[in-house]
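Engineer: For the sequence shown, my numbering begins at 45 and goes up steadily by one.
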Amino acid sequence: MLKDLEELISIVRDRKKNPKNSSYTNKLLSDRKLSIDKIKEELFELIESVEKNSNKVHETADLLYHLIVLLENSNIKIEDVMSELKKRRKN
45 MLKDLEELIS IVRDRKKNPK NSSYTNKLLS DRKLSIDKIK EELFELIESV
95 EKNSNKVHET ADLLYHLIVL LENSNIKIED VMSELKKRRK N
């Protein structure tokens with residue numbers, strides 16, 4: 045399961061280093077405003093799906109993908125985010 049997430053992160057990082065013209069990920073990486081707008085849109089859609097109890101997994105996947113792209117676009121490493129979360133954990 046987490047291996048799939050790591051693979052997605054790796055793909056996004058690869059697109060950042062080796063852009064492909066036809067890549068939607070590269071479109072988002074090259075347009076920060078679009079990336080931010082997509083996060084807002086996907087968050088709204090997830091909230092709506094939770095309230096309606098429908099399509100929650102699909103909308104969560106969309107939001108997670110767009111969040112990973114925005115993090116990479118903003119030079120925020122998921123490893124740093126995970127370290128921060130670990131620091132906050134109460135034993």
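Glycine included, C-beta positions come from ideal geometry on N, C-alpha and C.
Only a predicted model underlies this, so the values are computations on that prediction, with no experimental measurement involved.
Closer than 8 Å is the cut-off here; do at least three beta carbon pairs connect the segment 86-97 with the segment 113-124?
Structural biologist: Judged by Cβ distances under 8 Å, the segment 86-97 makes no contact with the segment 113-124, as fewer than three pairs qualify.
Engineer: Under the three-state reduction of DSSP, which class applies to Ser93: helix, strand or coil?
Structural biologist: Here Ser93 sits in helix by DSSP.
Engineer: Hey, how far is the Cα of Ser79 from the Cα of Ser66?
Structural biologist: So the alpha carbons of these two residues sit roughly 16 Å apart.
Engineer: Going by alpha carbons, who is nearest to Leu52 out of Leu111, Lys130, Lys82?
Structural biologist: Checking every option, the nearest Cα to that of Leu52 belongs to Leu111.
Engineer: Contact check, Lys82 vs Leu72 under 8 Å by CB: the rounded distance?
Structural biologist: Confirmed, about 7 Å.
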